[in-house]
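**Student:** FYI, in the UniProt record's numbering the residues of the sequence shown are 1 to 255. Quick one: structure below, then a few questions.
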Amino acid sequence: MPLELVTLPALSDNYTFLLHDSDSGATACIDVPDAAPILAELDRRGWALTEIWLTHHHHDHIGGVEDLLKKHDAKITGAAADRHRLPPLNREVAEGDAFEFGGETVDVLDVSGHTIGHIAFVVPASGYAFTADSLMALGCGRLFEGTAAQMWNSLQKLAALDPETLICSGHEYTQANARFAISIDPDNPDLKARIESISSLRESNEPTVPSKLSEEVATNPFLRAADPAIQAHLDMIGEDPVDVFAEIRARKDRF
């Protein structure tokens with residue numbers, strides 16, 4: 001059985017995640033936008049938080065750490081490259097590192113682009129990837145610190161995971177991302193069907209995160225810069241996918 005995953009909304013449009021091993025009682029929180037919903041869920045379930053995994057330094061992903069630590073003695077894992085702008089770390093990790101949680105291996109990927117030093121945590125046995133603001137549902141993060149080439153490389157690492165992997169990203173941006181995606185990839189039947197599903201979920205105030213990687217590969221324009229239909233729509237047939245990706249990202253920034 002996979003580790004238990006709980007998806008929690010936080011702040012106005014963030015997500016945080018709890019990962020729980022029922023055998024050992026170990027519980028990890030991935031990113032801490034705000035302590036309140038996490039503390040409430042831990043209390044409701046009777047879980048003690050043992051670990052905090054941080055993907056990057058932005059305040060809406062680490063702002064609740066101090067308050068969370070007032071109630072739970074959790075050990076913090078984050079990127080060694082980002083140590084100077086993260087809360088004090090108990091475990092520093094980098095690309096290619098792995099550690100154990102709940103009897104499973106957690107792999108660390110460098111997914112710089114949105115920020116330099118942004119990491120993703122991948123739990124292959126359970127089929128989860130915590131990608132925060134790198135690969136997102138129908139989108140990817142803005143390039144605040146990195147380059148288009150860095151983000152494209154990061155997205156290719158994530159796209160190579162098992163297609164059944166659940167992409168646990170950091171924000172409820174999916175409906176807005178969908179409006180942009182259809183402007184770039186207007187003839188994609190999978191995207192059209194997904195937009196209908198997203199609309200239904202949001203009308204019911206249901207989250208669109210996590211999403212399945214196979215669905216992202218089929219519909220997320222930021223993963224599809226090499227697709228001939230998208231290249232044709234952008235009048236960029238045969239061009240380097242990095243350049244096509246950069247054009248897609250620039251269009252989204254202006255959208």
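Where is the CB? At the ideal position from N, CA and C, for every residue including glycine. Please read all numbers here as calculations on a predicted model, not as lab measurements.
Terminal residues of the continuous alpha helix (DSSP H) containing residue 54?
**Tutor:** The residue you call residue 54 lines up with position 54 of the sequence shown. Run containing residue 54: none; DSSP gives neither H nor E here.
**Student:** Are the beta-carbon atoms of residue 198 and residue 219 separated by less than 7 Å?
**Tutor:** Residue mapping note: residue 198 aligns to position 198 of the sequence shown, counting from 1. Residue mapping note: residue 219 aligns to position 219 of the sequence shown, counting from 1. No.
**Student:** Can at least three beta-carbon pairs, one atom from the stretch 69-88 and one from the stretch 48-55, be found at a separation below 8 Å?
**Tutor:** Touching, yes.
**Student:** Note down, one range per segment and in chain order, each beta strand (DSSP E) of at least 3 residues found wholly within the stretch 3-35.
**Tutor:** Qualifying beta strand (DSSP E) stretches, in chain order: 4-10, 14-20 and 27-30.
**Student:** Looking only at its chain, what residues have a beta carbon closer than 6 Å to the beta carbon of residue 138, apart from the 5 residues adjacent to it on each side?
**Tutor:** Here residue 138 refers to the residue found at position 138 of the sequence shown. Taken in chain order, the residues that qualify are 174, 177, 178, 181 and 220.
**Student:** Near residue 148, which residues of its chain fall below 7 Å by C-beta distance, leaving aside the five closest residues on each side in sequence?
**Tutor:** Numbered from 1 along the sequence shown, position 148 holds the residue referred to as residue 148. So the qualifying residues of the chain are 242, 245, 246 and 249.
**Student:** Are three or more beta carbon pairs between the stretch 141-155 and the stretch 187-201 nearer than 8 Å?
**Tutor:** Judged by Cβ distances under 8 Å, the stretch 141-155 makes no contact with the stretch 187-201, as fewer than three pairs qualify.
**Student:** Which stretch, first to last residue, makes up the beta strand (DSSP E) that contains residue 167?
**Tutor:** In the sequence shown, the residue the question calls residue 167 occupies position 167. Unbroken beta strand (DSSP E) run through residue 167: 166-169.
**Student:** Indicate the three-state DSSP secondary structure (helix, strand or coil) for residue 136 in the structure shown.
**Tutor:** By one-based count along the sequence shown, residue 136 stands at place 136. Residue 136 falls in the strand class under three-state DSSP.
**Student:** Below 8 Å on the Cβ atoms is my guess for residue 39 versus residue 71; work out the distance and round it to an integer in Å.
**Tutor:** Here residue 39 refers to the residue found at position 39 when the sequence shown is read from its first residue. Here residue 71 refers to the residue found at position 71 when the sequence shown is read from its first residue. The pair is a contact, with the Cβ atoms about 6 Å apart (cut-off 8 Å).
**Student:** Tell me whether residue 112 sits in a helix, a strand or coil according to DSSP, three-state version.
**Tutor:** Taking the first residue of the sequence shown as 1, we reach residue 112 at position 112. Reduced to three states, the DSSP call for residue 112 is coil.
**Student:** Give me the Cα-Cα distance between residue 117 and residue 252, rounded to the nearest whole angstrom.
**Tutor:** Taking the first residue of the sequence shown as position 1, residue 117 is located at position 117. Taking the first residue of the sequence shown as position 1, residue 252 is located at position 252. If you take the alpha carbons of residue 117 and residue 252, they lie about 23 Å apart.
**Student:** Using DSSP's beta-bridge definition, name the partner residues of residue 211.
**Tutor:** Along the sequence shown, read from residue 1 onward, the residue named residue 211 stands at position 211. 167.
**Student:** Is residue 17 near residue 140, with beta carbons less than 7 Å apart?
**Tutor:** By one-based count along the sequence shown, residue 17 stands at place 17. By one-based count along the sequence shown, residue 140 stands at place 140. Not a contact, by the Cβ cut-off of 7 Å.
**Student:** Considering only the alpha carbon of each residue, which of 85, 184, 42 and 101 lies closest to residue 255?
**Tutor:** As a working note, residue 255 is residue 255 in the sequence shown. It is 184.
**Student:** Can residue 201 and residue 102 be called in contact, C-beta distance under 7 Å?
**Tutor:** The count along the sequence shown starts at 1 and reaches residue 201 at position 201. The count along the sequence shown starts at 1 and reaches residue 102 at position 102. No, the Cβ-Cβ distance between residue 201 and residue 102 is not below 7 Å.
**Student:** So for residue 74, helix, strand or coil by DSSP?
**Tutor:** One-based indexing of the sequence shown puts residue 74 at position 74. Reduced to three states, the DSSP call for residue 74 is coil.
**Student:** What three-state label does DSSP hand residue 237 in the structure shown?
**Tutor:** Along the sequence shown, read from residue 1 onward, the residue named residue 237 stands at position 237. DSSP places residue 237 in coil when its eight states are reduced to three.
**Student:** Closer than 8 Å by C-beta to residue 63: which residues in its own chain qualify, once you throw out the five before and the five after it? Chain order, please.
**Tutor:** Within the sequence shown, residue 63 is the residue found at index 63, counting from 1. So the qualifying residues of the chain are 32, 33 and 34.
**Student:** Can you grab the Cα-Cα spacing for the pair residue 108 / residue 130, in whole Å?
**Tutor:** The count along the sequence shown starts at 1 and reaches residue 108 at position 108. The count along the sequence shown starts at 1 and reaches residue 130 at position 130. Approximately 10 Å between the Cα atoms of the pair.
**Student:** What residue does the beta strand (DSSP E) around residue 98 start on, and which one ends it?
**Tutor:** Working through the sequence shown from its first residue, we reach residue 98 at position 98. Element bounds for residue 98: 98-101.
**Student:** If contacts are defined as beta-carbon pairs under 8 Å, then residue 97 and residue 114 qualify, I think. What distance do you get, rounded to the angstrom?
**Tutor:** Along the sequence shown, one-based indexing puts residue 97 at 97. Along the sequence shown, one-based indexing puts residue 114 at 114. Not quite, the Cβ-Cβ distance comes to about 20 Å (not below 8 Å), so this is no contact.
**Student:** Between residue 158 and residue 135, is the Cβ-Cβ spacing less than 7 Å?
**Tutor:** Numbered from 1 along the sequence shown, position 158 holds the residue referred to as residue 158. Numbered from 1 along the sequence shown, position 135 holds the residue referred to as residue 135. Going by C-beta atoms, residue 158 is nearer than 7 Å to residue 135.
**Student:** Compare the C-alpha of residue 10 against each of 166, 30 and 225 and name the closest.
**Tutor:** Along the sequence shown, read from residue 1 onward, the residue named residue 10 stands at position 10. Selected option, being the one with the closest Cα: 30.
**Student:** Just to confirm the assignment, what range does the beta strand (DSSP E) spanning residue 120 have?
**Tutor:** Against the sequence shown, residue 120 aligns to sequence position 120. Here the beta strand (DSSP E) through residue 120 covers 119-123.
**Student:** Determine the closest residue to residue 110 out of 45, 152, 224 and 74, with distance taken between C-alpha atoms.
**Tutor:** By one-based count along the sequence shown, residue 110 stands at place 110. Out of 45, 152, 224 and 74, 152 has the C-alpha closest to the C-alpha of residue 110.
**Student:** Rounding to the nearest angstrom, what Cα-Cα distance links residue 25 and residue 47 in this structure?
**Tutor:** For the purposes of this step, residue 25 is taken as residue 25 along the sequence shown, with counting starting at 1. For the purposes of this step, residue 47 is taken as residue 47 along the sequence shown, with counting starting at 1. Going by the C-alpha atoms only, they are around 7 Å apart.
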